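Taking my numbering, the leading residue of the sequence shown gets 3, the next gets one more, and so forth.
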Amino acid sequence: MESKLTKKNHLLLHIILIALVSFATYFRTWNIYFQQDEWNGFGKVLYANAYGFAALVRLSGNHLTPLAALFMGFFYNTFGLRHEVYAVYGIVLHTVNGLLVYFLARMLTKNTTVSLLSALLLVSFHVSSQVVTWYAASMTYLPSGFFVLVSLLLFELYVKKQKVKYLASSLFFILVAAGFRENAVFVLGYMILRTYLVSAHQFRRVFVFASSIGFVYGIVRFLPMFIFRSSMPLGVQSFDASSFFEKFTHSVFLSIPELIVPRNIQIDSIFWLLSRNRHIHEFFSVIVPNLAVFIETTLVPMLSVVIFTTCCMVTMYVLKVFYKKLNEKKLIYSLYGFILLSFMPFLLLPKGLYMESRHFYLSTIGLSILVGVFFHDLYHRVSLKLKSIIGVFFILISLRVNSPTLCVV
Numbered sequence: 003m004e005s006k007l008t009k010k011n012h013l014l015l016h017i018i019l020i021a022l023v024s025f026a027t028y029f030r031t032w033n034i035y036f037q038q039d040e041w042n043g044f045g046k047v048l049y050a051n052a053y054g055f056a057a058l059v060r061l062s063g064n065h066l067t068p069l070a071a072l073f074m075g076f077f078y079n080t081f082g083l084r085h086e087v088y089a090v091y092g093i094v095l096h097t098v099n100g101l102l103v104y105f106l107a108r109m110l111t112k113n114t115t116v117s118l119l120s121a122l123l124l125v126s127f128h129v130s131s132q133v134v135t136w137y138a139a140s141m142t143y144l145p146s147g148f149f150v151l152v153s154l155l156l157f158e159l160y161v162k163k164q165k166v167k168y169l170a171s172s173l174f175f176i177l178v179a180a181g182f183r184e185n186a187v188f189v190l191g192y193m194i195l196r197t198y199l200v201s202a203h204q205f206r207r208v209f210v211f212a213s214s215i216g217f218v219y220g221i222v223r224f225l226p227m228f229i230f231r232s233s234m235p236l237g238v239q240s241f242d243a244s245s246f247f248e249k250f251t252h253s254v255f256l257s258i259p260e261l262i263v264p265r266n267i268q269i270d271s272i273f274w275l276l277s278r279n280r281h282i283h284e285f286f287s288v289i290v291p292n293l294a295v296f297i298e299t300t301l302v303p304m305l306s307v308v309i310f311t312t313c314c315m316v317t318m319y320v321l322k323v324f325y326k327k328l329n330e331k332k333l334i335y336s337l338y339g340f341i342l343l344s345f346m347p348f349l350l351l352p353k354g355l356y357m358e359s360r361h362f363y364l365s366t367i368g369l370s371i372l373v374g375v376f377f378h379d380l381y382h383r384v385s386l387k388l389k390s391i392i393g394v395f396f397i398l399i400s401l402r403v404n405s406p407t408l409c410v411v
């Protein structure tokens with residue numbers, strides 16, 4: 003009885019801590035007024051108010067997100083331009099998503115410390131900042147993340163109890179999440195991978211269900227675009243093997259490192275290093291016409307590749323040295339698969355399209371748990387000095403990128 007009470011007390015304390023960190027991170031966000039990208043959504047709602055709400059749910063241009071459109075219409079017609087309400091909504095739902103990550107990590111790792119670390123990482127992660135601070139432009143990212151997390155929790159229940167009702171519910175919530183953000187369909191691929199790794203005897207069932215739903219969704223999503231080719235996304239119109247490979251390498255080597263070290267910090271770090279050495283700064287100023295453009299187009303991609311390569315080498319070392327059990331390795335492989343698959347939908351986007359941090363919100367679910375697992379295990383194996391350095395690094399990254407007064411992009 004006492005043990006159960008202690009567990010309940012720990013759970014309550016963890017929930018309170020997650021909520022406090024989330025609210026502290028985004029405190030006073032409600033003082034930020036709507037920004038440029040947010041007026042586009044309001045314009046669509048005003049048009050729909052005048053010409054009928056069918057305009058909000060029809061397939062047009064690049065997106066099939068009827069729930070996102072209706073959700074935006076509901077918010078505007080209910081709360082108007084009271085930006086404080088949008089801000090509070092963003093903070094609250096982001097906090098709820100953090101709590102869901104806590105329970106998901108707990109199911110995956112059976113470790114409350116890892117669960118707490120994962121949840122705290124999500125609620126304070128730099129990638130999440132734009133989703134919360136650009137609350138009207140990004141308000142559909144949060145419900146998409148919410149339903150993806152619900153789907154993942156139900157799927158883990160299916161893996162554990164092997165009841166079809168959990169699988170069916172999980173697949174349903176993926177479609178709901180895709181109604182807010184289309185890239186949520188990548189979770190279907192993750193389900194297949196996860197089942198293959200941890201429950202091979204259930205693989206055929208999950209593969210058939212998930213691939214069938216993905217196939218039908220793809221037909222509904224893209225068939226009208228092939229019929230009316232002018233409305234196809236540019237990335238599909240100009241699709242060829244070389245562009246696919248180029249966008250794939252861009253996603254892997256450039257976008258994934260931005261989850262670890264934000265692009266603005268990469269740029270600031272390079273500027274700082276160049277400014278510290280006058281001779282190097284003068285050398286680059288002479289050989290390149292525009293130093294700022296050169297840094298963004300050449301040096302930052304090079305740094306991103308270095309970050310990606312370093313992370314891969316560290317991961318291989320950690321897997322070899324620290325993780326001996328097969329189940330532990332399968333969890334790590336699953337999380338890496340989740341992160342990689344979360345970038346795959348972006349391969350259909352136009353070549354060279356600038357991806358903002360909010361587009362990677364779903365990726366942070368897997369990354370938060372992965373970093374939580376690594377951080378927890380490394381914490382027990384490294385010196386106190388290195389523990390302090392790692393802790394300070396995460397705190398500085400969070401404070402530098404998440405401050406609402408910075409209006410982070």
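Just so it is clear, CB atoms sit at the ideal spot from N, CA and C, and this is done for glycine as well. In this text the structure is predicted, and so the values were computed from the model without any measurement.
**Prompt:** Do you know how far the Cα of Ser117 is from the Cα of Leu261?
**Reply:** Approximately 20 angstroms between the Cα atoms of the pair.
**Message:** With H, G and I counted as helix, E and B as strand and the rest as coil, what does DSSP make of Gly75?
**Reply:** Note: Gly75 maps to helix in three-state DSSP.
**Item:** Contact set for Gly92: own chain, Cβ-Cβ below 6 angstroms, skip 5 residues either direction
**Value:** Short of 6 angstroms from the beta carbon of Gly92, and not among the five residues preceding or following it, lie these beta carbons of its own chain, in chain order: Val134 and Tyr137.
**Item:** For Pro145, three-class secondary structure by DSSP
**Value:** Correct three-state label for Pro145: helix.
**Message:** Among the candidates Met318, Ser146, Tyr381 and Phe182, whose CA atom is the shortest distance from the CA of Ala70?
**Reply:** That would be Phe182, whose Cα lies nearest to the Cα of Ala70.
**Asked** With a Cβ-Cβ cutoff of 9 angstroms, do Ser370 and Ser120 count as a contact?
**Response** Yes, the Cβ-Cβ distance between Ser370 and Ser120 is below 9 angstroms.
**Asked** Terminal residues of the continuous alpha helix (DSSP H) containing Ser201?
**Response** No alpha helix (DSSP H) holds Ser201; DSSP gives it neither H nor E.
**Prompt:** Excluding five sequence neighbours on each side, which residues of the same chain lie with their C-beta closer than 6 angstroms to the C-beta of Leu155?
**Reply:** Excluding positions up to five away in sequence, the list reads Leu106.
**Under the three-state DSSP convention, the category Ile34 falls into** = Coil at Ile34, not helix or strand.
**Asked** Is Ser232 helix, strand or coil by DSSP?
**Response** Model confidence at Ser232 stands at a pLDDT of 46, short of 50, so the residue's coordinates are unreliable; what they give is reported in the following sentence. Residue state, collapsed to three classes: helix.
**Asked** Cα separation between Phe127 and Val302?
**Response** If you take the alpha carbons of Phe127 and Val302, they lie about 21 angstroms apart.
**Asked** Alpha carbon to alpha carbon, what distance is there between Phe310 and Ile258?
**Response** If you draw a straight line from the Cα of Ile258 to the Cα of Phe310, it comes to about 7 angstroms.
**Nearest-angstrom beta carbon gap, Ile20 and Leu122 [assumed within contact, 8 angstroms]** = 6 angstroms between Cβ atoms; contact.
**Prompt:** With 16 as the cutoff for other CB atoms within 10 Å, does Pro347 come out buried or exposed?
**Reply:** Buried: at least 16 other Cβ atoms inside 10 Å.
**Item:** the stretch 75 to 91 in contact with the stretch 193 to 207 per 3-pair CB rule at 8 angstroms
**Value:** Segments in contact, no.
**Request:** Identify every run of the alpha helix (DSSP H) within the stretch 81 to 141, keeping only runs that are complete inside it and at least 4 residues long; order them along the chain.
**Result:** For the stretch 81 to 141, whole alpha helix (DSSP H) runs of length 4 or above, ordered along the chain, are 85 to 111, 114 to 126 and 128 to 135.
**Item:** Contact belief for Leu124 with Ser131 at Cβ below 8 angstroms, rounded distance in angstroms
**Value:** Incorrect: roughly 12 angstroms between the Cβ atoms, too far for contact.
**Message:** Short of 7 angstroms in beta carbon distance, which residues of its chain neighbour Gly43, apart from the five on each side in sequence? Order them along the chain.
**Reply:** Exclusion of the five residues before and after Gly43 leaves Met74, Ala138 and Ala139 as the residues of its chain whose Cβ lies within less than 7 angstroms of its Cβ.
**Request:** Output the distance between the C-alpha atoms of Arg223 and Thr300, rounded to the nearest integer angstrom.
**Result:** For Arg223 and Thr300, the gap between their C-alpha atoms comes out near 36 angstroms.
**Asked** Is the CB-CB distance between Leu173 and Ile215 below 9 angstroms?
**Response** Contact: yes.
**Asked** Roughly how many angstroms lie between the CA atoms of Leu22 and Val375, to the nearest whole one?
**Response** Here the alpha carbon of Leu22 sits roughly 22 angstroms from the alpha carbon of Val375.
**Prompt:** Distance, Cα to Cα, Thr31 vs Gly100?
**Reply:** Looking at the two C-alpha atoms, the distance is approximately 18 angstroms.
**Pairwise C-alpha distance: Lys165 and Ala212** = Approximately 15 angstroms between the Cα atoms of the pair.
**Asked** Taking the C-alpha atoms as reference points, what is the distance between Asn185 and Phe340?
**Response** Cα to Cα, Asn185 sits roughly 12 angstroms from Phe340.
**Request:** Apply the 10 Å Cβ neighbour rule to Met234 and answer buried if 16 or more other Cβ atoms are within range, or exposed otherwise.
**Result:** Here the model assigns Met234 a pLDDT of 49, short of 50, so the residue's position is not dependable, and the following value carries that caveat. Note on Met234: 16 or more other CB atoms within 10 angstroms of its CB, so buried under the neighbour-count rule.
**Message:** Tell me the rounded alpha-carbon separation between Lys326 and Phe148.
**Reply:** Between the C-alpha atoms of Lys326 and Phe148 there is a straight-line separation of about 33 angstroms.
**Asked** Anyone know if the C-beta pair for Phe25 and Thr97 falls short of 9 angstroms?
**Response** Yes, these two residues count as a Cβ contact at 9 angstroms.
**Candidates Val94, Leu48 and Arg84: closest to Thr27 by CA position** = With distances taken between Cα atoms, Thr27 lies closest to Val94.
**Item:** Helix, strand or coil at Gln217 according to DSSP, with G and I counted as helix
**Value:** Note on identity: in this sequence residue 217 is Phe, with Gln being the wrong assignment. In the structure shown, Phe217 sits in a helix (DSSP, three-state: H, G or I).
**Asked** Among residues of its own chain, excluding the 5 on either side of Arg108, which ones have a beta-carbon nearer than 7 angstroms to its beta-carbon?
**Response** Closer than 7 angstroms at Cβ, skipping near neighbours: Thr114 and Ser117.
**Neighbourhood of Lys332 by C-beta, 7 angstroms cutoff - its chain only, sequence neighbours within 5 removed** = Excluding positions up to five away in sequence, the list reads Leu199 and Val200.
**Message:** Going by C-alpha to C-alpha distance, which of Lys163, Val218 and Ser171 sits closest to Gln204?
**Reply:** The shortest C-alpha to C-alpha distance from Gln204 to any of Lys163, Val218 and Ser171 is the one to Lys163.
**Prompt:** When you compare only the Cα positions, how much space is there between Tyr168 and Glu298?
**Reply:** Roughly 46 angstroms between the two C-alpha positions.
**Asked** Given that a residue counts as buried once 16 or more other Cβ atoms are within 10 Å of its Cβ, and exposed if not, what is Ile367?
**Response** In this structure Ile367 is buried. Its beta-carbon is surrounded by 16 or more other beta-carbon atoms within 10 angstroms.
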